[in-house]
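Student: Right, I'll just put the structure down here and ask away after.
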């Protein structure tokens, strides 16, 4: 088998599907190239080749089309040496550079990485005709902005000259037209030679040159200028969609205070190694994902999770890069390198997601492949058939044919879907809703049944003390004595008792002669009392329970609660009942789903009594005592009954069911999200976010439908008015550019949606 090499490039100046397909088509024609994948949102291109390819020829093809291209450092890596997910260099993932959170945006404005300034590249680069590229800095400083201003100035000059010396007016307009058209035509030729004959640049060039031949030079010059203005507007609008997700990277501070041999010193955040300990002062942003080693503070997580109220966190709690430390000094042990922190992973996931096409998008790509040549055919027929067969005036019908060429440009149509999907994925990510691609986003809106895991998904995932029943003592005394015995234990039930004691402010004196009784409980001595905290069966063996107390324990068990019995000097003194309680938002989240017409069911490995109790509190169907493979079977049964099933779980024991469902949604906080198996993830684990995700999907599909209607509707109207002779070249180009701008702005509305 021939060795496959991989070359990775950063590509600047592209921002729509048409740009990517032009590059893809051109590079595939280079000898020895096996596969090409172009990522518009990440601004990268990966070329797999057999080692015989001329890499310089590949770069030349791309620059010839009007884009900037630079290889990643050490990019030619044999494919067999790479990890399965290693599409990006982790040190500089997805074309991002942590030293400059906005370098991605700079790439797209055609900034020059080789020379460190914006003017060193070939002239072609910044003049890419159909480039909806986002701007870095003010629009008038970008090359596209400068070309537009130059073209506009030339047009004004032509009008002035034409007014003063009418005889040379036609020539003045031709010169004004050429100022804007030459860069466009140059790329049209390159694209045609690289396998894309029907590019927008080609349609524009034919129309403008044709207009000159029929003495419509003034219109030709105006059309070129309007075209450049439209492109500029699209660039500004499309930049907003990308900035939304890129601005997340700017949340991570550049520097960090590293503890080193008892001293702290400032170091670049990207240099932090896993295991390093950093100090975070009150009011500072946390510079890395980590675990708190000392200190307790309120952390504002809104930037990363959208959670509006600060969360109190203490020792052993997980914190995320980009969140803000509230009121106390924290020491944090770093758990992820800069390229792998939560924000970096969110951005990378969203960028990769934007490359995976939705079914609608794939259909439109195929449609536009036939649509553009079809338009050229119609335009040719309109220009030639009436004069040849019906004796119509050539000038008039050629003019109409040229107008149809401009109307037919598929830009608005091609960008209608990806713009909406990119905006939606970004909007979701900012609210902690991650979706792996357009197909997932599209499918979510069709979900009719959501199967939830119980522990950690519908419930908090850790037991809480629900009842304290005292026999002869006060409740506080029972809790205090139980907590004394549980000191130092890390068992979930022990932690539940200690947390409750801390919350109630109950004293917990130190115990003596603490010993664990395997399978039964724990014993110790305090202030002359011998204390035992036992399971009900161990307490029965001691003969400490009478019929009434036993009945109380059974009643608590029926509510799905675990019970521990406290003995003081071998006499039952109280009961402590615990249960994993539903999340605060679980009930509201489930009712939101219900009102959206989506059914819900709980699947759990817990015993049937506990399952029934929790399901009863939430008002939801349930199945209990299920092994992971049973959950997978139930998902299969639901699908056979005609449901479109989303499975929600923490993704570890749920992996088989997540994979079997139509959509697998992982619940959990950033770092531990089971992003590998799941199609989507809810970062801050709110049940209501599942309903929000489904609603976002439905809204996106409505937006896409509106976009396609705008794009095709405007074209249909102007097609009719052009043939009828009501509108000419100017309205034609306004219809095309106007449609593209409208579609982009409509898609950007999806960014504005805020989570409740």
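Residue numbers (UniProt numbering): 1 to 756. C-beta atoms are modelled at their ideal positions from N, C-alpha and C, and glycine is treated no differently. Only a predicted model underlies this, so the values are computations on that prediction, with no experimental measurement involved.
1) Where does the unbroken alpha helix (DSSP H) through residue 827 begin, and where does it stop?
2) Below 8 Å, can you find three or more Cβ-Cβ pairs linking the stretch 424-435 to the stretch 388-401?
3) Would you tell me roughly how many angstroms separate the C-alpha atoms of residue 514 and residue 547, rounded to the nearest one?
4) Which of helix, strand or coil does DSSP assign to residue 640?
5) Output needed for residue 738: all residues of its chain with C-beta closer than 8 Å, excluding positions within five of it in sequence on either side, in chain order.
6) Can you tell me which of 501, 505, 535 puts its alpha carbon nearest to the alpha carbon of residue 516?
7) What separation, rounded to the nearest whole angstrom, lies between the Cα atoms of residue 495 and residue 489?
8) Assign residue 140 to buried or exposed, taking buried as 16 or more other Cβ atoms, counted over all protein chains shown, within 10 Å of its Cβ.
9) Looking at C-alpha atoms only, which residue of 531, 275, 56 is the closest neighbour of residue 338?
10) With distances taken Cα to Cα, identify the nearest neighbour of residue 560 among 543, 572, 567, 581.
11) Measuring alpha carbon to alpha carbon, tell me which of 457, 572, 421 ends up nearest residue 702.
12) Select from 695, 587, 323, 540 the residue whose C-alpha is nearest the C-alpha of residue 520.
13) Compare the beta carbon distance of residue 544 and residue 567 with 8 Å and say whether it is the shorter of the two.
14) Taking only runs of the beta strand (DSSP E) that begin and end inside the stretch 546-594, which ones reach a length of at least 3 residues, in chain order?
15) Buried or exposed: where does residue 481 fall if 16 or more other Cβ atoms within 10 Å of its Cβ makes it buried?
16) Please classify residue 213: is it buried, with 16 or more other beta-carbons within 10 angstroms of its beta-carbon, or exposed?
17) With the cut-off set at 8 Å, would you say residue 565 and residue 531 are in Cβ contact?
18) Quick check: the Cα distance between residue 455 and residue 437, rounded to an integer number of angstroms?
19) Between the Cα of residue 412 and the Cα atoms of 452, 368, 186, which residue gives the shortest distance?
20) If we count the other Cβ atoms within 10 Å of its Cβ and call it buried at 16 or more, is residue 49 buried or exposed?
21) For the candidate residues 686, 691, 692, 663, whose alpha-carbon lies nearest to that of residue 678?
22) Look up residue 530 in the DSSP assignment and give the residues it is bridged to.
23) Mind checking which residues open and close the beta strand (DSSP E) that includes residue 260?
24) By how many angstroms is the C-alpha of residue 745 removed from the C-alpha of residue 646?
25) Decide yes or no for the touch test of the stretch 371-387 against the stretch 690-709: beta carbon pairs closer than 8 Å, at least 3 of them.
26) For residue 512, count the other beta carbons within 10 Å of its own beta carbon; 16 or more makes it buried, fewer makes it exposed. Which is it?
27) Closest to residue 603 by CA distance: which of 626, 345, 570, 65 is it?
28) Nearest by alpha-carbon distance to residue 364: which of 709, 618, 161, 148 is it?
29) State the beta-bridge partners of residue 49 as determined by DSSP.
30) Which residues in the same chain have their Cβ closer than 8 Å to the Cβ of residue 361, if we skip the five residues on either side of it in sequence?
31) When you compare only the Cα positions, how much space is there between residue 526 and residue 315?
32) Contact between the stretch 253-263 and the stretch 201-221: three or more CB pairs below 8 Å?
33) Could you pull the DSSP bridge partners for residue 512 from this structure?
34) In whole angstroms, what is the alpha-carbon distance linking residue 731 and residue 226?
35) Please go through the same chain and pick out, in chain order, the residues whose beta-carbon is closer than 6 Å to the beta-carbon of residue 749, but skip the five residues on each side of it.
36) Under a Cβ-count criterion, where at least 16 other Cβ atoms within 10 Å of its own Cβ denotes burial, should residue 716 be classed as buried or exposed?
Tutor: For this structure:
1) An answer regarding residue 827 cannot be provided, because it is not within the stretch 1 to 756 covered by the chain.
2) Touching, no, given that fewer than three Cβ pairs across the two stretches are closer than 8 Å.
3) Counting from one through the chain shown, the residue named residue 514 turns up at place 514. Counting from one through the chain shown, the residue named residue 547 turns up at place 547. Taking the straight line from one Cα to the other gives about 30 Å.
4) Taking the chain shown and counting its residues from 1, one reaches residue 640 at position 640. Looking at residue 640 - three-state DSSP - the assignment turns out to be helix.
5) Taking the chain shown and counting its residues from 1, the one referred to as residue 738 is at position 738. Cβ neighbours of residue 738 beyond the five flanking positions: 230, 714.
6) Walking along the chain shown from the start, residue 516 turns up at place 516. That would be 535, whose Cα lies nearest to the Cα of residue 516.
7) Against the chain shown, residue 495 aligns to sequence position 495. Against the chain shown, residue 489 aligns to sequence position 489. Each residue's Cα considered, the two are about 7 Å apart.
8) Here residue 140 is taken as the residue at index 140 of the chain shown, counted from 1. Flag for residue 140 reads exposed.
9) One-based indexing of the chain shown puts residue 338 at position 338. Considering only alpha carbons, the answer is 275.
10) Looking up residue 560 in the chain shown gives position 560. Check the Cα spacing between residue 560 and each of 543, 572, 567, 581: the tightest is with 581.
11) The residue you call residue 702 lines up with position 702 of the chain shown. Nearest of 457, 572, 421 to residue 702, Cα basis: 421.
12) What you label residue 520 is simply residue 520 of the chain shown in a count that begins at 1. Of the candidates 695, 587, 323, 540, 540 places its Cα closest to the Cα of residue 520.
13) Counted from its first residue, the chain shown places residue 544 at position 544. Counted from its first residue, the chain shown places residue 567 at position 567. Yes. Within cutoff.
14) If you keep only unbroken beta strand (DSSP E) runs of at least 3 residues inside the stretch 546-594, you get 562-568, 571-579.
15) Here residue 481 corresponds to residue number 481 of the chain shown, with the count starting at 1. It counts as buried.
16) Position 213 of the chain shown, counting from 1, holds the residue named residue 213. Exposed.
17) Taking the first residue of the chain shown as position 1, residue 565 is located at position 565. Taking the first residue of the chain shown as position 1, residue 531 is located at position 531. Taking 8 Å as the Cβ cut-off, residue 565 and residue 531 do not qualify as a contacting pair.
18) Along the chain shown, one-based indexing puts residue 455 at 455. Along the chain shown, one-based indexing puts residue 437 at 437. Distance between the alpha carbons of residue 455 and residue 437 is about 28 Å.
19) Along the chain shown, one-based indexing puts residue 412 at 412. Measuring from the Cα of residue 412, the nearest candidate turns out to be 368.
20) Looking up residue 49 in the chain shown gives position 49. With a threshold of 16 other beta carbon atoms within 10 Å, residue 49 meets it and is buried.
21) Locating residue 678 in the chain shown gives position 678, counting from the first residue. Cα-wise, what sits closest to residue 678 is 663.
22) Here residue 530 corresponds to residue number 530 of the chain shown, with the count starting at 1. Bridge partners of residue 530: 525.
23) The residue you call residue 260 lines up with position 260 of the chain shown. Note, residue 260: beta strand (DSSP E), 255-260.
24) Counting from one through the chain shown, the residue named residue 646 turns up at place 646. Counting from one through the chain shown, the residue named residue 745 turns up at place 745. Taking the straight line joining both Cα atoms gives about 31 Å.
25) Contact between the stretch 371-387 and the stretch 690-709 is absent: fewer than three C-beta pairs spanning the two stretches fall below 8 Å.
26) Position 512 of the chain shown holds residue 512. Burial call: exposed.
27) Within the chain shown, the letter at position 603 stands for residue 603. Distances from the alpha-carbon of residue 603 to those of 626, 345, 570, 65 put 626 closest.
28) Position 364 of the chain shown, counting from 1, holds the residue named residue 364. When 709, 618, 161, 148 are compared, the shortest CA-CA separation from residue 364 is found for 709.
29) Within the chain shown, the letter at position 49 stands for residue 49. Looking at the DSSP assignment, residue 49 forms a beta bridge with 5, 33.
30) As a working mapping, residue 361 is identified with position 361 in the chain shown. 17, 417, 418, 421, 438.
31) Translated into the one-based positions of the chain shown, residue 526 becomes position 526. Translated into the one-based positions of the chain shown, residue 315 becomes position 315. Whole-angstrom Cα-Cα distance: 28 Å.
32) The count of Cβ pairs closer than 8 Å, one atom from the stretch 253-263 and one from the stretch 201-221, stays below three, leaving the stretches out of contact.
33) In the chain shown, counting from the first residue as 1, residue 512 sits at position 512. DSSP output for residue 512 lists 525 as bridge partner(s).
34) Stepping through the chain shown from its first residue, residue 731 is reached at position 731. Stepping through the chain shown from its first residue, residue 226 is reached at position 226. Inter-residue distance for residue 731 and residue 226 is about 10 Å (C-alpha atoms, whole angstroms).
35) Stepping through the chain shown from its first residue, residue 749 is reached at position 749. Answer for residue 749: no residue qualifies.
36) To locate residue 716, count along the chain shown from 1; it is residue 716. Under this definition residue 716 is an exposed residue.
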